[in-house]
Amino acid sequence: MRVGIIGLGKMGILHAGIVNALPSSKVTAICESEGMLTRLASRVLPGVSFYRHPAEMAEEGNLDAIFVASPIHTHVPIIRELLRSNARIGIFSEKPLATNGTEARGIADLARRQGVVNMVGFQKRFSPVLRHAKYLLEKRAIGRLQFMRCYSYASDIFRKGSGWRFKKGTGGVLLDLGPHLLDLLLWYFGEPEVISAIEQSYYSSEVEDYVHAVFRFGADFVGSFDVSWSKRHYRLPEISIEVQGTAGSLSVCDDYVRIQADKSVEGVIEAGSKTFQRAAFDTGVQFLLADPEYTVEDIHFLDAVQNRTKVEPDFQTAAEVSQLIDQVHQVASRSEC
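Residue numbers 7 to 343, in the working numbering, belong to the letters of the sequence shown in order.
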């Protein structure tokens with residue numbers, strides 16, 4: 007399969023490495039607006055065509071799939087260009103799909119109408135640890151769900167930053183760290199109602215550095231949500247979800263699932279305490295570049311493009327995440343009034 011990459015930042019380079027490591031795909035085109043990056047890449051990537059405009063790459067590159075790994079605010083304009091130029095190319099976008107729910111829903115509807123295979127980079131869904139937690143919850147291993155708490159923390163921002171990540175409308179911690187955790191909550195529990203929310207800026211002048219929200223999932227299940235890129239002692243970003251049920255409790259992070267089951271569920275879990283470590287799961291990935299879920303994610307996308315099948319999480323799923331982000335912002339802004 008012939009694959010194009012838009013954006014030679016960290017994620018663009020990662021996807022390019024994975025694609026070239028797979029036996030059935032190869033990066034043959036790259037679109038990058040930064041001249042220095044293009045010059046450097048052209049020296050070490052012989053046989054790859056370089057472009058400055060996405061539509062030009064789509065029209066001339068004879069591509070099967072494209073990975074969009076550019077800044078968040080460019081995703082929708084780029085994808086719209088790609089959809090106009092060639093409806094047969096599968097499109098993968100890094101998360102989040104858009105800076106707001108309206109744009110995300112619009113581009114998701116357009117991709118659906120054109121029948122384009124599409125996917126968004128919520129690679130956490132492909133973590134064997136996080137998937138096993140979903141399995142245990144679906145099998146009611148801890149009974150009926152009552153309440154939960156979750157967080158996504160990183161030790162990144164302790165001084166005023168510059169660039170689009172720190173500009174109102176294109177940045178902030180909710181767009182940066184929030185999407186992965188919000189996607190997991192939607193995947194595990196369904197769509198919530200935002201009961202309350204607070205946003206705080208400690209180092210940034212235009213965007214939030216910390217967000218706290220309270221969600222309600224149905225009539226009897228509630229939970230709290232915290233996200234901050236200014237949390238000390240989290241050199242590596244961390245996600246954690248803790249859930250209390252009528253028959254036990256469950257906690258999950260990137261490294262393990264821990265469950266305390268009050269009673270056995272046949273074929274699922276024995277009563278007592280059990281910890282499933284990440285190392286115990288077989289990822290099935292022969293080539294490891296970064297976490298294995300990135301490779302599994304890209305394989306799923308390319309297989310779907312080749313077979314013209316639907317794949318999750320797609321643009322519609324990503325639009326739900328963007329709409330939930332909008333709701334948190336809206337509730338938080340009302341709290342400030």
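Glycine is no exception: its CB is placed at the ideal position from the N, C-alpha and C atoms. From a predicted model like this one, the values you see are computed outputs, not experimental measurements.
{"Asked": "Local conformation of residue 194 per DSSP, three classes", "Found": "helix"}
{"Asked": "Best match in 226, 106, 182 and 135 for proximity to residue 153 [C-alpha to C-alpha]", "Found": "226"}
{"Asked": "The alpha helix (DSSP H) enclosing residue 141, as first and last residue numbers", "Found": "134-144"}
{"Asked": "Within 7 Å, strictly: CB atoms of residue 247 and residue 156", "Found": "yes"}
{"Asked": "Where the alpha helix (DSSP H) containing residue 309 begins and where it ends", "Found": "298-313"}
{"Asked": "Distance between residue 297 and residue 17 (C-alpha atoms, nearest Å)", "Found": "13 Å"}
{"Asked": "Stretch-stretch touch, CB-based, cutoff 8 Å, three pairs: the stretch 32-41 with the stretch 65-75", "Found": "yes"}
{"Asked": "Beta carbon of residue 253 nearer than 7 Å to that of residue 268", "Found": "yes"}
{"Asked": "Inter-residue Cα distance where the pair is residue 300 and residue 129", "Found": "6 Å"}
{"Asked": "C-beta contact flag for residue 233 and residue 179 at 7 Å", "Found": "yes"}
{"Asked": "6 Å CB neighbourhood of residue 186 in its chain, flanking five on each side removed", "Found": "130"}
{"Asked": "Helix, strand or coil at residue 248 according to DSSP, with G and I counted as helix", "Found": "strand"}
{"Asked": "Delimiting residues of the alpha helix (DSSP H) encompassing residue 21", "Found": "16-27"}
{"Asked": "Where residue 164 falls, given that 16 or more other Cβ within 10 Å makes a residue buried", "Found": "exposed"}
{"Asked": "Contacts around residue 274, its chain only, beta-carbon distance under 6 Å, and the 5 residues preceding and following it disregarded", "Found": "145 and 147"}
{"Asked": "Short Cβ contact (7 Å threshold) for residue 338 with residue 205", "Found": "yes"}
{"Asked": "Residue environment, residue 42, which counts as buried when at least 16 other CB atoms sit within 10 Å", "Found": "exposed"}
{"Asked": "Endpoints, beta strand (DSSP E) assigned at residue 56", "Found": "55-57"}
{"Asked": "Environment of residue 288 [buried if 16+ CB atoms lie within 10 Å]", "Found": "exposed"}
{"Asked": "Own chain, CB closer than 6 Å to residue 27, minus 5 neighbours either side, in chain order", "Found": "293"}
{"Asked": "Residue span of the alpha helix (DSSP H) that contains residue 81, given as start and end", "Found": "81-91"}
{"Asked": "Euclidean distance between Cα positions of residue 38 and residue 78", "Found": "15 Å"}
{"Asked": "Residue 330 - containing alpha helix (DSSP H), residue span", "Found": "321-342"}
{"Asked": "Minimum C-alpha distance to residue 167 - residue among 213, 133, 137 and 202", "Found": "213"}
{"Asked": "Contact set for residue 321: own chain, Cβ-Cβ below 7 Å, skip 5 residues either direction", "Found": "103, 113, 114, 117, 124 and 126"}
{"Asked": "Identity of the residues DSSP links to residue 12 by a beta bridge", "Found": "37 and 74"}
{"Asked": "Residue 84 versus residue 60: straight-line alpha-carbon distance, rounded", "Found": "7 Å"}
{"Asked": "C-alpha distance - residue 330 paired with residue 52, whole-angstrom precision", "Found": "43 Å"}
{"Asked": "Unbroken alpha helix (DSSP H) run spanning residue 183, endpoints", "Found": "That residue, residue 183, is in no alpha helix (DSSP H); it is neither H nor E in DSSP."}
{"Asked": "Whole-Å CB distance - residue 295 paired with residue 95, under 8 Å assumed", "Found": "Not a contact, Cβ separation roughly 24 Å."}
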